[in-house]
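In the UniProt record's numbering, the protein residues as written are 1 to 60.
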């Protein structure tokens with residue numbers, strides 16, 4: 001968990017508008033049973049205006 005948080009902090013500094021960082025961190029928290037932290041990350045994502053495009057994929 002600590003490593004994921006360190007990585008997320010670094011990614012937030014590099015690309016603060018990248019929705020993948022928010023989604024991955026929220027998912028990690030949720031899978032670890034830390035739903036409150038997951039909700040905080042999702043709320044932060046909304047407050048800074050980061051949006052996820054539904055159905056997007058990099059696989060062709």
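Built from N, CA and C at the ideal position, the CB exists for glycine as well.
Let's test the definition: count the other Cβ atoms within 10 Å of the Cβ of residue i and tell me whether it reaches 16, buried, or not, exposed.
i          : result
residue 26 : buried
residue 14 : exposed
With DSSP collapsed to three states, give me the class of residue i.
i          : result
residue 1  : coil
residue 31 : helix
residue 16 : coil
residue 51 : coil
Using a threshold of 7 Å, state whether the C-beta atoms of residue i and residue j are closer than that.
i          : j          : result
residue 17 : residue 52 : no
residue 40 : residue 4  : no
residue 32 : residue 1  : yes
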